[in-house]
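Below you'll find the structure, written out as structure tokens, and then a few comments.
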Amino acid sequence: VEALVAARAVGDPGGRVVVFSPRPLDEGGPVAGAAVADAVIGSLGGDLVEVALDRGVIAAADLGHRMAARIDTGAATVIGTADAAARAQDDWRVLTACWQSGVARRALQLGVQYAKDRHQFGVPIGSFQTIQHRLADLHTAIDGAHLLALEAAWAVDAGDPRRPWLAAAAHAWCGEQAEAAAAWSLHVHGGYGFMVEYAIHLFVKRAKASRVALGRPTDELAELARRRFGAGPTSTAPRGPAPPVAAADDGLDFRLGPDTEAFQGEVRAFIAQHVTTEMVERAHTTGTMHDWDLHKALADRGYLSAGWPTEVGGQGRSALEVTALQQELYAAGAPVDGMGIATMVAATLMLLGNEWQKTEVLPRLLAGEALPCLGYSEPDAGSDVAAVVTRAVRDGDEWVIDGQKMFTTMAHEAAYVLLLTRTNLDKPKHKGLTMFLVPMDTPGVSVTPVHTLGGERTNITWYDGVRVPDRCRVGDTDAGWAVMHAALVYERNGANWGEPHHLLEAVAGELVGQGQLDDPVVAATLGRHAAGDEVGRLLLYRTAWLAAEGGLPLVEGSMAKLFETEWFTAMAADLFDLFGPAATLPRGEAGTVLGGLVEHAYRHSTVTTIYGGSSEVQRGIIAERGLSLPRAR
Ligand SMILES: Cc1cc2nc3c(=O)[nH]c(=O)nc-3n(C[C@H](O)[C@H](O)[C@H](O)COP(=O)(O)OP(=O)(O)OC[C@H]3O[C@@H](n4cnc5c(N)ncnc54)[C@H](O)[C@@H]3O)c2cc1C
761 VEALVAARAV GDPGGRVVVF SPRPLDEGGP VAGAAVADAV IGSLGGDLVE
811 VALDRGVIAA ADLGHRMAAR IDTGAATVIG TADAAARAQD DWRVLTACWQ
861 SGVARRALQL GVQYAKDRHQ FGVPIGSFQT IQHRLADLHT AIDGAHLLAL
911 EAAWAVDAGD PRRPWLAAAA HAWCGEQAEA AAAWSLHVHG GYGFMVEYAI
961 HLFVKRAKAS RVALGRPTDE LAELARRRFG AGPTSTAPRG PAPPVAAADD
1011 GLDFRLGPDT EAFQGEVRAF IAQHVTTEMV ERAHTTGTMH DWDLHKALAD
1061 RGYLSAGWPT EVGGQGRSAL EVTALQQELY AAGAPVDGMG IATMVAATLM
1111 LLGNEWQKTE VLPRLLAGEA LPCLGYSEPD AGSDVAAVVT RAVRDGDEWV
1161 IDGQKMFTTM AHEAAYVLLL TRTNLDKPKH KGLTMFLVPM DTPGVSVTPV
1211 HTLGGERTNI TWYDGVRVPD RCRVGDTDAG WAVMHAALVY ERNGANWGEP
1261 HHLLEAVAGE LVGQGQLDDP VVAATLGRHA AGDEVGRLLL YRTAWLAAEG
1311 GLPLVEGSMA KLFETEWFTA MAADLFDLFG PAATLPRGEA GTVLGGLVEH
1361 AYRHSTVTTI YGGSSEVQRG IIAERGLSLP RAR
């Protein structure tokens, strides 16, 4: 890396070994690679200088075996400006991030392979959930590292204005993941990892040494925060003339593309017109994250079926565009829980519905006149939703339904419930389920409110001798499991990045406005979350991009959901701490932080790791399908 950076800064070294020192040479510390180099370049007295070296310097012993040596800068020659030195340092950040991302990936692979091969208690250790889930977390964070390193490299080549902070973000994130992957992989190896015959100890040492090569990791996070949120000379403004834009055909482009960007603008204009402060306030007061006026406006624009093909009445928008639509709405705090459910149920009916469902129900859903709700979860069937016991028994042309559903969100606003029932007790549990679309005004259906920590209102729904005609059945009898998953074709991009992103932007704006970016704790916290925020965005849009390319990104979707919800939870807690006791005041109280935004985020973020498939469920998918680990015990 050090030689590559030097070559980019001063051109072909012509057979000599020239290395770049990421730390200013004024500091006088050992320079990595200097023990085997003919020359070192680096910043000295503000300039970019070259120092010729005598061969035969003895390398200092260090944790990373970096062939480092102290050098005498007495005969340094000025070869460039401070700007050139700063550019070289950012090149070093990006290339080091790429290297660290590779170190992390390989360290993880060693751990995964060992977990498959090593048996204890008569089974592969990779079938233990503790091992699986940590590896799944790392797999996710390392995919994020890979994407972020590539994005930073692309940004440098393309002259993207975000490149200064992307370089710092990639370096900070990839360094952390390399260290974490090596440390956990070592742990997975048990005692054998400590034997020098196993390679993992090399990764542990190199990853740690690399992480501090530029200085303290927290200082780098603070630098990232200054570049991302500050207005100083190292902010997001490009320094000097931009390098040439990357060739269009090199296959790497991190922009959303003109169509999606234009649509994003359209959605922002829609939000400015239709999402009001009073509307958001009302949703928080009632806990009902739905607004009929907004819902109708979304329907009138065709946004409820934006991603459907035009042949079936949709707008034929790509997964990238649909993702942009969702994220803009989330970021605006728009109460759109009803929209998500309506889109999902409508897609199910469009794909599998019968005549009545398609001609009478579907148009009402798409027009924004009627709302459905989802009746899946039960008191004893949550993550294991196939264990539902709500019974549907056929009686001539009708069905009689008895049971109880938990957390039927929007049931108090909905006209229909998509109800998962058990119709066959003799078949295996996934195969004895049937789905119904039950009108909520059917006698025997009742709703009890449930209020939650995050402020959302949800419900318990009861079904007491509910009689419905057979036309309410969705799909075949005993095929409810497939019906439940049918709409996933259109619903893979659901991770909510917009809301946490808005939180971070708002908090950063507030703290920077108070002049707190000079506080190292504030800066390091904001820097850390700026990196995670970008990783979440990349994981989300990767899923959308794969779907837009015709793929079914199951594992990638799980990664996006797992990462974003866990990150949101951790970030909300960290940002809360930055404000101290003032953060505890809810909206409406005098002296709240950002009108209660931080307090609400802390209460609300955690539940996102539970609904929509809990983090443990996602980790299981990533471990077993993404890493091919054996089924969990
Ligand atoms: C605000 C809110 C709104 C909701 N809206 C709806 C809705 O509209 N419709 C609907 O049908 N449902 C809804 N749900 C229910 C939601 O889908 C369930 O809460 C979720 O599926 C988890 O089920 P559970 O709560 O029974 O937890 P459990 O499944 O009992 O899980 C408890 C804990 O055990 C862990 N766990 C479970 N299984 C495993 C495993 N195999 N390995 C490791 N760990 C495991 C979980 O991750 C969790 O941490 C909502 C829930 C909430 C809180």
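Per our numbering, the very first residue in the sequence shown carries number 761; after that it's consecutive. The beta carbon of each residue, even a glycine, is placed where N, CA and C say it ideally should be. This structure is a prediction, so every number in the text was calculated from the model and none was measured.
| Asked | Found |
| --- | --- |
| With 16 as the cutoff for other CB atoms within 10 Å, does E1115 come out buried or exposed? | exposed |
| Does DSSP classify M827 as helix, strand or coil? | coil |
| Less than 8 Å between the CB of L813 and some heavy atom of ligand 1, yes or no? | no |
| So, helix, strand or coil for F1167, using DSSP? | coil |
| Applying the 10 Å Cβ sphere with the 16-neighbour rule, what's the burial state of M1099? | buried |
| Identify whether S1078 lies in helix, strand or coil by the three-state DSSP scheme. | coil |
| Quick test of your reading: A967 and E939, contact by CB under 8 Å. State the CB separation rounded to the nearest angstrom. | 5 Å |
| Just to confirm before moving on: does the CB-CB distance between A1304 and S1078 stay below 9 Å? | yes |
| Nearest CA to the CA of V1234: which residue from G771, A1152 and R826? | A1152 |
| In three-state terms, what does DSSP make of L764? | helix |
| Since L1338 and L1271 are thought to touch, with beta carbons under 8 Å apart, how far apart are those beta carbons, to the nearest angstrom? | 7 Å |
| Within its chain, find whatever has a CB closer than 7 Å to the CB of Q1378; leave out the 5 residues flanking it on each side and keep chain order. | S1318, K1321 and L1322 |
| Considering only heavy atoms of ligand 1, does any lie closer than 8 Å to the CB of L1134? | yes |
| So the candidates are D1278, R1015 and T1083; which of them puts its Cα closest to the Cα of Y1300? | Checking the sequence shown, residue 1300 turns out to be Leu, not Tyr. Comparing Cα positions, the closest option is T1083. |
| Less than 9 Å separating the beta-carbons of A896 and A1332? | no |
| Please report the distance separating the alpha-carbon of G1225 from that of T1208. | 17 Å |
| Does any heavy atom of ligand 1 sit closer than 8 Å to the C-beta of A1141? | yes |
| Distance, Cα to Cα, R1347 vs V1040? | 12 Å |
| Would you say A1165 touches ligand 1, meaning its beta carbon is less than 8 Å from a heavy atom? | At residue 1165 the sequence reads Lys, which differs from the Ala that was named. Yes - ligand 1 has a heavy atom lying nearer than 8 Å to the Cβ of K1165. |
| Going by CA-CA distance only, name the one from E1324, L1134 and G1240 that's closest to Q1087. | E1324 |
| Grouping DSSP H, G and I as helix and E and B as strand, with all else coil, what is D1051? | coil |
| If we count the other Cβ atoms within 10 Å of its Cβ and call it buried at 16 or more, is Y1063 buried or exposed? | buried |
| Keeping to the same chain, check which residues put their C-beta closer than 6 Å to that of L1213; ignore five residues upstream and five downstream. | R1363 |
| Put M955 into one of helix, strand or coil per three-state DSSP. | coil |
| Spatial neighbours of A820 within its chain, please: CB distance less than 8 Å, with the 5 preceding and 5 following residues excluded, ordered by chain position. | P790, A795, A828, A829 and R830 |
| With distances taken between CB atoms, is the gap from P1018 to D1051 smaller than 9 Å? | no |
| Under 8 Å: do the region 1345 to 1359 and the region 925 to 937 share three or more Cβ pairs, one atom per stretch? | no |
| Whole angstroms are fine: how far does the CA of S1375 sit from the CA of V1315? | 13 Å |
| Looking at A857: is its Cβ nearer than 9 Å to the Cβ of V1295? | no |
| Leaving aside the five residues before and after S1143 along the sequence, list all residues of the same chain whose C-beta is less than 7 Å from its C-beta, in chain order. | S1374 and V1377 |
| Using 8 Å for Cβ pairs, my map puts V778 next to A763. What's the rounded Cβ distance? | 7 Å |
| Which complete alpha helix (DSSP H) runs does the region 910 to 998 hold, if anything under 4 residues is left out? | 923 to 948, 960 to 971 and 977 to 989 |
| Excluding the five sequence neighbours on either side, which residues of its own chain have a C-beta within less than 6 Å of the C-beta of E1259, listed in chain order? | Y1090 |
| Could you spell out the range, first to last residue, of the alpha helix (DSSP H) harbouring R1042? | T1037 to T1046 |
| Around the Cβ of G990, are there at least 16 other Cβ atoms within 10 angstroms (buried) or fewer (exposed)? | buried |
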